[in-house]
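Everything below concerns the one structure shown next.
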Amino acid sequence: MTDDDGRIVVTGLSKTFGPAAAVADLTFTVEPGSITGFLGPNGAGKTTTLRMLLGLVRPDAGVATIAGRRYLDLPAPGNVVGAVLETGAFHPARTGRAHLRIYCTVNGYPHSRADEVLDLVGLAAAARRPVRGYSLGMRQRLALATALLGDPRVLVLDEPANGLDPEGIAWLRRLLRDLAAEGRTVLVSSHVLSEVQQLVDHVVIINRGRCVRQGPLTALAALHGPVVSVRTPQPDRLHAALTRTGVDDSRITRSGPDRLRVTGVHTDDVGQLAHAERIPLLWLAAEHTDLEHVFFTLTGNSHEAAPAARTGA
Numbered sequence: 001m002t003d004d005d006g007r008i009v010v011t012g013l014s015k016t017f018g019p020a021a022a023v024a025d026l027t028f029t030v031e032p033g034s035i036t037g038f039l040g041p042n043g044a045g046k047t048t049t050l051r052m053l054l055g056l057v058r059p060d061a062g063v064a065t066i067a068g069r070r071y072l073d074l075p076a077p078g079n080v081v082g083a084v085l086e087t088g089a090f091h092p093a094r095t096g097r098a099h100l101r102i103y104c105t106v107n108g109y110p111h112s113r114a115d116e117v118l119d120l121v122g123l124a125a126a127a128r129r130p131v132r133g134y135s136l137g138m139r140q141r142l143a144l145a146t147a148l149l150g151d152p153r154v155l156v157l158d159e160p161a162n163g164l165d166p167e168g169i170a171w172l173r174r175l176l177r178d179l180a181a182e183g184r185t186v187l188v189s190s191h192v193l194s195e196v197q198q199l200v201d202h203v204v205i206i207n208r209g210r211c212v213r214q215g216p217l218t219a220l221a222a223l224h225g226p227v228v229s230v231r232t233p234q235p236d237r238l239h240a241a242l243t244r245t246g247v248d249d250s251r252i253t254r255s256g257p258d259r260l261r262v263t264g265v266h267t268d269d270v271g272q273l274a275h276a277e278r279i280p281l282l283w284l285a286a287e288h289t290d291l292e293h294v295f296f297t298l299t300g301n302s303h304e305a306a307p308a309a310r311t312g313a
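Position 309 of the sequence shown, counted from 1, bears residue number 309 in the UniProt record's numbering, the numbering being contiguous throughout.
Here's what the structure looks like:
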């Protein structure tokens, strides 16, 4: 398996539905051997992009390729790409094993492969049970098992942790890490930013159909600089002192009656300024710049909008 085998390249991709542009001149690359998070607020165009990547929606402009070809041009797509966009495409009366064996027959895989992937996703004990009795998390595992039947070099997963309990999420993280370590390409679309932060190596963040940032997770977090949390009985005086020293007002937020959150300055700078201005401090600490903070900064959504940004696509 070479580095070019599983690279995803999206170039100038655009799609309009009626008067609305769902995706507009979108360009990004997903490299093999890593897990890339595909992020964006509700309505950003993530699902439309994934559907164009997988040949389910025809783009108005641009091209998306996997291993150098459009999905529709791959001679055996199931051997190259495994995708999970939804988990409801199961006949409720069929067993998990029967469901997978049908896919094996259609794609020319040996039936033994069904048992192999059932074991891989932790459903071996439920193989003979009808899917109607599966929980949401079990259906999620079965969908992933279906995607893995062809031993693909690329995985495209939309909300793969949906319905999984904490143990299942930890299992999924280990599995995807192992697959990426084998040189496979893993693209994960998700709204659960705290989980993505523990899973991915790189991120592609889109907003209103356009790419607003892509790159390694560590570099992205450092992009917006340090974040300081400070408590003082005189928050207005400290706010004013910070702006006088050149800190942009947009980087200072009131996070409580006596608390400020300041982006782009270090704790030492805040502490020295407070001392010089004779402003008493009750608490001063550096915060970890997490993916959620970077996400909301880049997309222009407030932290208060978090629940809406985590539902839908």
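Ideal Cβ positions, reconstructed from N, Cα and C, are used throughout, including at glycine.
Expected contact under 8 Å - CB spacing of residue i and residue j to nearest Å
i    : j    : result
G12  : A44  : Between A44 and G12 the Cβ distance is about 17 Å, and since that is not below 8 Å, they are no contact.
L284 : G271 : 6 Å
G96  : A126 : 6 Å
Exposed unless 16 or more other CB atoms sit within 10 angstroms - verdict on residue i
i    : result
S190 : buried
T59  : Contrary to the premise, residue 59 reads as Pro rather than Thr in this sequence. By the 10 Å Cβ count, P59 comes out buried.
T146 : buried
P152 : buried
D158 : buried
Q198 : exposed
Inter-residue spacing [alpha-carbon to alpha-carbon] between residue i and residue j
i    : j    : result
H303 : F296 : Note that H303 scores a pLDDT of 44, beneath 50, so its modelled location is shaky; the value from the coordinates is reported in the next line. Each residue's Cα considered, the two are about 7 Å apart.
A241 : D269 : 12 Å
A143 : V84  : 6 Å
T245 : G78  : 59 Å
C33  : A67  : The sequence shown places Gly at residue 33, not Cys. Each residue's Cα considered, the two are about 13 Å apart.
D119 : V80  : 21 Å
L187 : V203 : 9 Å
V9   : L53  : 9 Å
A161 : R278 : 50 Å
V63  : R210 : 15 Å
L273 : F38  : 40 Å
L74  : V192 : 32 Å
T16  : R69  : 23 Å
M1   : G183 : Per-residue confidence for M1 stands at a pLDDT of 42, beneath the threshold of 50, marking its modelled position as unreliable; no derived number is given.
L217 : T267 : 23 Å
Coil, strand or helix - residue i by DSSP
i    : result
P130 : strand
I279 : coil
M151 : The amino acid occupying residue 151 in the given sequence is Asp; Met does not appear at that position. If DSSP states are grouped into helix, strand and coil, D151 belongs with coil.
V117 : helix
D158 : strand
A93  : coil
R139 : helix
T311 : No answer about T311 holds up, because its pLDDT of 32 lies below 50 and its placement is not dependable.
S14  : strand
L85  : coil
A285 : strand
L175 : helix
Ranges of the beta strand (DSSP E) found wholly within the region 192–273, counting only runs of at least 3: 202–207, 210–216, 227–231, 252–256, 259–263
Alpha helix (DSSP H) runs wholly inside the region 16–59, at least 4 long, in chain order: 46–53
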